[in-house]
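Read top to bottom, the protein sequences are chains A and B. Residue 0 is where the first sequence starts when you use numbering that gives the first Met the number 0, and the numbers rise one by one after that. Residue 0 is where the second sequence starts when you use numbering that gives the first Met the number 0, and the numbers rise one by one after that. Glycine included, C-beta positions come from ideal geometry on N, C-alpha and C.
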Amino acid sequence: MLKRPSLDIAFTTEALKANLSRLEDEFETYQTTRDRDGIYSYLTAVFELVRWWKHERKSVEYANRALSIQRRQSVPKIAEPFAAMIFCTADPEKVDYRMRSKWSRVLRYAAMYKDLDEPLRDFIKRKGGINKCAARYTRRLGRGARTDD
Amino acid sequence: MDSIIRELVEESWEWARIGRDRDPMDKSRVFSETLADLESSGDAMRYLNSKGQIAWKATPGLRDYLNDLKLDAEADLEHEDL
């Protein structure tokens, strides 16, 4: 059995495209569902993907690759991987800069404080919801918080 | 590695082991190639497990597909009973 399979297996462009497609599907599902908790499935998918990228210290590299694949024209400079993946996979007409920034702050806050075995949805709800988590991130870590892998 | 992905990589290993047209391969290499293929086709995904390790699991798409197959099989079986 592989001891550290992730290190032995390259994350190819095809694999990245498959993941982007999966996240787009999640966003589409969120858009078509009436479930008010539907957003958590999409955010969880983004969070899980970027989380393992960060673990491998590759999040900025992979996010930049995703940006170059997904939005070939007028690629904005998005240094933060969570925001970049939301930009790549959510309909820009439905998710504007402010919404993307808010979701990104929520995910960064969860990346800092959530236990690994707690579902993202439970964590966010326990902390008061999406708006509260975004505010907590801004308050505790600030807008100048370092974006790293 | 969840049970679905484990079953798929074990199956690949069995095919590689009994295949006569392939060079001898070690198990790790077969597993790596299979996981890479599954990831590229959108059937497997990596994630950080509760121990903080990178692990593999079936994507929601593959789970849905297998679930549909199971429901079809159950419906067929029910039909046969009649």
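When the cut-off is 8 Å and only beta carbons count, does residue i lie next to chain B?
i: ARG135/A; result: no
i: GLU23/A; result: no
i: ASP34/A; result: no
i: THR11/A; result: yes
i: LEU1/A; result: Unreliable positioning characterises LEU1/A in this predicted model, as indicated by a pLDDT of 49, which lies under 50. The coordinate reading is nonetheless provided below. Yes, contact with chain B.
i: SER58/A; result: no
i: GLU47/A; result: yes
i: ASP121/A; result: no
i: ALA62/A; result: no
i: ILE38/A; result: no
i: ILE68/A; result: no
i: ALA191/A; result: Residue numbering for chain A in the displayed model covers 0 to 148; residue 191/A lies beyond these limits and cannot be assessed.
For the beta strand (DSSP E) that residue i lies in, which residues bound it at each end?
i: MET44/B; result: 43-47
i: ALA54/B; result: 53-57
Does any residue of chain A bring its CB to less than 8 Å from the CB of residue i?
i: SER39/B; result: yes
i: MET24/B; result: no
i: ALA15/B; result: no
i: LEU76/B; result: no
i: SER31/B; result: yes
i: LEU7/B; result: no
Under 8 Å by Cβ, that's how I've got residue i and residue j pegged, so tell me the actual separation to the nearest angstrom.
i: VAL105/A; j: TYR136/A; result: 7 Å
i: ALA44/A; j: ARG64/A; result: That pair is no contact at about 18 Å.
i: ARG52/A; j: PRO80/A; result: In the sequence on display, residue 52/A carries Trp and not Arg. 7 Å between Cβ atoms; contact.
i: SER27/B; j: ILE8/A; result: Rounded, the Cβ-Cβ distance is 10 Å, inconsistent with contact.
i: LEU119/A; j: TYR39/A; result: 6 Å
i: MET84/A; j: VAL49/A; result: 6 Å
i: TYR46/B; j: GLU47/A; result: 5 Å
i: ALA35/B; j: THR58/B; result: Their Cβ separation, rounded to whole angstroms, is 14 Å, which puts ALA35/B and THR58/B out of contact at 8 Å.
i: TRP19/A; j: ILE68/A; result: The question names Trp, but residue 19/A in the sequence shown is Leu. Between ILE68/A and LEU19/A the Cβ distance is about 7 Å, and since that is below 8 Å, they are a contact.
i: LEU15/A; j: TYR61/A; result: 7 Å
i: ARG99/A; j: ALA110/A; result: About 16 Å; that fails the 8 Å criterion.
i: ILE3/B; j: LEU70/B; result: ILE3/B to LEU70/B, Cβ: 16 Å. No contact.
i: LYS101/A; j: ALA133/A; result: 5 Å
What residue range does the alpha helix (DSSP H) around residue i cover?
i: ILE123/A; result: 119-125
i: ASP25/B; result: Run containing ASP25/B: none; DSSP gives neither H nor E here.
i: THR137/A; result: 129-140
i: ILE17/B; result: 2-17
Please indicate yes or no: does the CB of residue i lie closer than 7 Å to some heavy atom of the ligand PLP?
i: TYR46/B; result: Looking for the ligand PLP in the displayed structure turns up nothing, as the structure carries no ligands at all.
- Item | Minimum length 4: unbroken alpha helix (DSSP H) runs contained in the region 23-111 of chain A | 37-54, 58-69, 80-88
- Closer than 9 Å, Cβ to any Cβ of chain A: which residues of the region 44-71 of chain B, in chain order? MET44, ARG45, TYR46, LEU47, ASN48, SER49, LYS50, GLY51, GLN52, ILE53, ALA54, TRP55, THR58, PRO59, GLY60
- Query: If contact means a Cβ-Cβ distance below 9 Å, which residues of the region 83-115 of chain A contact chain B?
  - Reply: ASP114, LEU115
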